[in-house]
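Residues 302 to 673 in the numbering used here are what the sequence shown spells out, letter by letter.
Note that the Cβ used here is the ideal one computed from N, Cα and C, for glycine as well.
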Amino acid sequence: MRTFSLDPPWMASTFLSGDQEGRRSDRRTPIGRKCQPLTAIKSGQPGSDFHPGSPPDFATADPRPPYHLAGHVAGREGLSAAAGQCEIPSVQLVTPRFPHRFATRLLIPALLAVVAATLPAQDPPAEGDTDQGVMTRLRQRLAAAEQQGETALLTRLAEIGTQLGEMKQSALSTVTAVEQMKRDIEQIKQEVATLKRLPNAAASGGTGLTTASPLGVQPPSVQPGLVITATELAEAYQKDAAAADKEYRNNFLTVVGRVDQFTSGSTDGDIMVQMKTAEGLPRIKFFFNRDVAFLVEVRQHEGRIVWSETKTTLLQLGQQLVISGTCTGRELDVLLTNCRIEGLPKPPTPTPRPATPGKATPTPRPRPTPAS
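Below, the structure written as structure tokens:
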């Protein structure tokens, strides 16, 4: 079955007339040459007759569409048309479809409106703005974004550097504390070992001490070249311990320096004096027996070592001293044992008590002679 869409009645008459020349055929193909007169219906109502090949009367015909053949509306209006009189076996004409050009005209503005709504908001172009001005603003925006990114990155790097510095400082403090603790432990061990060796050294008489009187200490006979300051002795062992041992170990030295620290009051009567040296150098420690060095009863009092009987100061911090002793080399510190302090004030000679007048001196009783 063929379906045709007819325009107003003058176009329909052309189709049905079978005009082979196509004078009014428009874009459609003629149905056929022979066709009986058909009844035209205007808007579903019967109209006037027209003959093939003759155009409709424009004076009486309503130019407004739609015009349909009777055969098209027969089913809805209950009319019968003479469509069967044509040579075409069956003809059905339908209402013309909605033109695509009208849909396109409505769809394109809608799409443009949607695209415009989805575009990001931009600065309206200034009046008389050129392409160069647009590029300038674009470069400014890119430069601002790059600057913000660089600033954030530098800030973060600075924070990370600060955190790393704090961690490093904390680690260094921990290492320093551990090293100081190790040095203190080693120092205590050396002091204990040195104190244990003091009685043996005193018994062997290796110090060469000579006592001239009960209340004084004679200065030792010092060999030339063995008088040295505490700083020089520490530098020698810091620079080359082996060479310093060859020159000073087991030799009797006289060391000059200032008191940096001292300890006293141990159970066996030993005293340790430490002399001040430069930063980073080993310390010089002197160990001596209280009774041999002072020959009087002393005690520690308010950072000093004083004579117990007269409260005379014999030793105090910062005091310039000359100490003689035997160098035993370096362990953690440079040690000297069996030492004595030169130039200490001598205690006064005790005055003998006078005899009580009028009191007879007792006569000693004779001892019995043992029997032979």
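Return the CA-CA distance between residue i and residue j, expressed in angstroms with no decimal places.
{"i": "SER474", "j": "ALA535", "result": "26 Å"}
{"i": "THR530", "j": "SER471", "result": "38 Å"}
{"i": "LEU439", "j": "GLU451", "result": "18 Å"}
{"i": "ALA544", "j": "ASP634", "result": "16 Å"}
{"i": "GLN620", "j": "GLU548", "result": "28 Å"}
{"i": "LYS577", "j": "ALA537", "result": "15 Å"}
{"i": "MET482", "j": "LEU458", "result": "36 Å"}
{"i": "ASN469", "j": "ALA478", "result": "Checking the sequence shown, residue 469 turns out to be Lys, not Asn. Looking at the two C-alpha atoms, the distance is approximately 14 Å."}
{"i": "PRO366", "j": "GLN433", "result": "At PRO366 the pLDDT is 47, less than 50, meaning the model places this residue with poor confidence; the figure from the coordinates comes in the next sentence. Their Cα atoms are separated by approximately 57 Å."}
{"i": "ASN639", "j": "ARG484", "result": "24 Å"}
{"i": "PHE553", "j": "GLU580", "result": "26 Å"}
{"i": "GLN562", "j": "ARG584", "result": "10 Å"}
{"i": "GLU480", "j": "ALA446", "result": "51 Å"}
{"i": "VAL416", "j": "ARG406", "result": "16 Å"}
{"i": "GLU487", "j": "GLU533", "result": "23 Å"}
{"i": "ASN590", "j": "ILE624", "result": "13 Å"}
{"i": "LEU582", "j": "GLN539", "result": "6 Å"}
{"i": "ASP546", "j": "VAL560", "result": "24 Å"}
{"i": "ILE409", "j": "LEU443", "result": "35 Å"}
{"i": "LEU618", "j": "VAL574", "result": "10 Å"}
{"i": "GLY558", "j": "ALA453", "result": "59 Å"}
{"i": "ILE461", "j": "MET436", "result": "37 Å"}
{"i": "VAL476", "j": "ILE489", "result": "20 Å"}
{"i": "GLY466", "j": "GLN441", "result": "37 Å"}
{"i": "GLU632", "j": "ASP571", "result": "20 Å"}
{"i": "ASP541", "j": "ILE642", "result": "28 Å"}
{"i": "CYS628", "j": "GLN464", "result": "49 Å"}
{"i": "LEU622", "j": "ASN551", "result": "21 Å"}
{"i": "ALA341", "j": "ALA411", "result": "Its pLDDT being 40, under 50, ALA341 is placed unreliably by the model, and the measurement read from it follows with that caveat. Cα to Cα, ALA341 sits roughly 41 Å from ALA411."}
{"i": "LEU616", "j": "LEU636", "result": "19 Å"}
{"i": "THR456", "j": "LEU413", "result": "45 Å"}
Tell me, please, which residues DSSP counts as bridged to residue i.
{"i": "ILE572", "result": "PHE589"}
{"i": "GLY558", "result": "LEU622"}
{"i": "ARG641", "result": "SER625"}
{"i": "THR456", "result": "For THR456, which the question treats as bridged, DSSP gives no partner whatsoever."}
{"i": "THR578", "result": "None, per the DSSP bridge assignment."}
{"i": "LEU636", "result": "LYS586, GLY630"}
{"i": "THR564", "result": "MET573"}
Just checking my contact of residue i with residue j at CB under 8 Å: how many whole Å lie between their CB atoms?
{"i": "PHE587", "j": "GLY626", "result": "6 Å"}
{"i": "VAL528", "j": "THR564", "result": "Rounded, the Cβ-Cβ distance is 26 Å, inconsistent with contact."}
Under a three-way DSSP split, which group does residue i fall into?
{"i": "ARG584", "result": "coil"}
{"i": "THR629", "result": "strand"}
{"i": "GLN620", "result": "coil"}
{"i": "ASP546", "result": "helix"}
{"i": "LEU408", "result": "helix"}
{"i": "LEU527", "result": "coil"}
{"i": "MET436", "result": "helix"}
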